[in-house]
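The next block holds one structure in the form of structure tokens; read it before the comments.
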Amino acid sequence: MRPLVPAAVLFDFDGLICDTERAGHRAWQELYAEHGLHFPPALWQSMVGRHGGEHLAVEDLTRSLAGDVDAAALAARRRRRKDELCEAEPLRPGVLALLHEAADGGIPAVVVSSASSTWVTGHLERLGVLGRFAFLITGDLTERHKPHPDLYQLALRRLGCRPGDALAFEDSPVGVRAARAAGLPCVAVANAVVDPAELAGADTVLPSLADYTLTPEGSPA
């Protein structure tokens with residue numbers, strides 16, 4: 001059961017705060033297309049939200065090309081294109097309003113992401129919201145990443161908060177599983193490259209954070 005007013009709000013980063021997932025998906029599509037191939041939707045679903053999911057696509061593409069392929073060069077070129085596309089991605093709708101609402105209510109906001117601190121910090125600075133978070137929990141800090149609960153558990157320990165009193169926001173099935181494994185209620189927000197049906201493990205699935213408010217009278221039932 002979701003708390004009426006959470007004691008803390010925990011945000012995933014990629015795909016939720018900023019749609020870097022869309023940029024990553026497009027970069028893979030382009031790379032596959034360069035070789036006359038179609039980027040498999042099922043492969044993307046196995047990658048999204050996972051730390052190090054890139055190697056799955058690199059292995060698939062290398063097998064598909066069935067030749068003397070420089071896998072490292074392919075991965076590096078794809079990362080450069082992803083970085084280029086990500087630099088053009090804004091905050092997703094509703095993020096800033098929710099951060100304002102949390103600050104006005106004295107509710108700490110935390111980022112909980114499997115990505116590296118460098119990646120998350122750089123984009124939060126670019127987007128002008130780094131200072132709105134009490135702290136960041138990133139993949140550098142735990143051995144295991146989502147769908148394991150370790151990152152969320154670390155965030156809760158630092159907050160001194162019980163799982164049922166906080167609220168997680170996620171955008172991927174892997175992230176939802178991690179939040180629930182940590183005992184957190186979870187609101188999932190669909191994005192352009194994740195099937196909303198895959199988010200059914202969350203307490204609530206919304207098309208946008210703009211549809212959510214932390215006040216009890218405004219929150220979805």
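Residue numbers (my numbering): 1 to 221. Here a beta-carbon is modelled for each residue, glycine too, at the ideal position from N, C-alpha and C.
Review point. What did DSSP end up calling glutamate 198 once you bin it into helix, strand or coil?
Key: To locate residue 198, count along the sequence shown from 1; it is residue 198. It is helical.
Review point. Is the segment 21-36 in contact with the segment 113-125, if contact means three or more CB pairs nearer than 8 angstroms?
Key: Output reads no: the segment 113-125 does not touch the segment 21-36.
**Study point:** Length of the line joining the Cα atoms of alanine 134 and histidine 100
**Key:** Within the sequence shown, residue 134 is the residue found at index 134, counting from 1. Within the sequence shown, residue 100 is the residue found at index 100, counting from 1. Going by the C-alpha atoms only, they are around 13 angstroms apart.
Review point. For the putative contact between leucine 31 and leucine 43, defined by C-beta atoms under 8 angstroms, what is the C-beta separation to the nearest angstrom?
Key: Start at 1 with the first residue of the sequence shown, and residue 31 comes out as number 31. Start at 1 with the first residue of the sequence shown, and residue 43 comes out as number 43. Not quite, the Cβ-Cβ distance comes to about 12 angstroms (not below 8 angstroms), so this is no contact.
Check your understanding: Straight-line CA distance for proline 196 to alanine 190?
Key -> Locating residue 196 in the sequence shown gives position 196, where the first residue counts as 1. Locating residue 190 in the sequence shown gives position 190, where the first residue counts as 1. Those two C-alpha atoms are separated by around 5 angstroms.
Practice item. Determine the contact status of alanine 8 and leucine 159, defining contact as a CB-CB distance below 7 angstroms. Key: Here residue 8 refers to the residue found at position 8 of the sequence shown. Here residue 159 refers to the residue found at position 159 of the sequence shown. Yes, they are a contact pair.
Exercise for review: Whole angstroms is fine: what's the gap from leucine 85's alpha carbon to arginine 79's?
Suggested key: Within the sequence shown, numbered from 1, the residue matching residue 85 stands at position 85. Within the sequence shown, numbered from 1, the residue matching residue 79 stands at position 79. Those two C-alpha atoms are separated by around 10 angstroms.
Review point. Just how far apart, CA to CA, sit arginine 132 and valine 205?
Key: Position 132 of the sequence shown, counted from the start, is the residue given in the question as residue 132. Position 205 of the sequence shown, counted from the start, is the residue given in the question as residue 205. Each residue's Cα considered, the two are about 24 angstroms apart.
Practice item. Assign proline 207 to buried or exposed, taking buried as 16 or more other Cβ atoms, counted over all protein chains shown, within 10 Å of its Cβ. Key: Counting from 1 along the sequence shown, the entry for residue 207 is found at position 207. Answer is exposed; the Cβ neighbour count stays below 16.
Check your understanding: Nearest CA to the CA of alanine 115: which residue from Phe13, Pro3, Arg162 and Leu4?
Key -> Residue mapping note: residue 115 aligns to position 115 of the sequence shown, counting from 1. Measuring C-alpha to C-alpha distances from alanine 115 to each of Phe13, Pro3, Arg162 and Leu4 identifies Phe13 as the nearest.
Check your understanding: Shortest alpha-carbon distance to glutamine 29 belongs to which of Gly105, Arg180, Ser46 and Leu61?
Key -> Here the question's residue 29 lines up with position 29 in the sequence shown. By alpha-carbon distance to glutamine 29, the top candidate from Gly105, Arg180, Ser46 and Leu61 is Leu61.
Review point. Mapping DSSP to helix, strand and coil, what is glutamate 170?
Key: Working through the sequence shown from its first residue, we reach residue 170 at position 170. Of the three classes helix, strand and coil, the one that applies to glutamate 170 here is strand, per DSSP.
Review point. Helix or strand or just coil, what does DSSP make of glycine 218?
Key: In the sequence shown, counting from the first residue as 1, residue 218 sits at position 218. Below a pLDDT of 50, predicted positions are generally treated as unreliable, and glycine 218, at 48, falls in that range; the measurement from the model is reported next regardless. Coil, per DSSP.
Check your understanding: Assuming leucine 130 contacts leucine 141 under a Cβ cut-off of 8 angstroms, what Cβ separation, rounded to an integer in Å, is found between them?
Key -> Residue 130 sits at position 130 when you count from the first residue of the sequence shown. Residue 141 sits at position 141 when you count from the first residue of the sequence shown. Contact doesn't hold; Cβ gap of about 17 angstroms is too wide.
Review point. Are phenylalanine 11 and valine 111 touching if we call contact CB-CB under 7 angstroms?
Key: Here the question's residue 11 lines up with position 11 in the sequence shown. Here the question's residue 111 lines up with position 111 in the sequence shown. The beta carbons of phenylalanine 11 and valine 111 sit closer together than 7 angstroms.
Review point. Comparing alpha-carbon positions, which option in Leu4, Ala178, Pro149 and Val95 lies nearest leucine 124?
Key: Taking the sequence shown and counting its residues from 1, the one referred to as residue 124 is at position 124. Here the closest residue by C-alpha is Val95.
**Study point:** Option in Ala73, Pro41, Ala97 and Asp70 with minimal Cα separation from aspartate 211
**Key:** Along the sequence shown, read from residue 1 onward, the residue named residue 211 stands at position 211. Comparing Cα positions, the closest option is Ala97.
Check your understanding: Name the DSSP beta bridge partners of valine 9, please?
Key -> By one-based count along the sequence shown, residue 9 stands at place 9. Valine 9 is bridged to Ala109 and Leu167.
Check your understanding: Where does cysteine 86 fall in DSSP's three states?
Key -> For the purposes of this step, residue 86 is taken as the residue at position 86 of the sequence shown. In this structure, cysteine 86 counts as helix in the three-state DSSP scheme.
Point to revise | C-alpha distance - glutamate 54 paired with glutamine 45, whole-angstrom precision | key: Residue 54 sits at position 54 when you count from the first residue of the sequence shown. Residue 45 sits at position 45 when you count from the first residue of the sequence shown. Going by C-alpha positions, glutamate 54 is about 12 angstroms away from glutamine 45.
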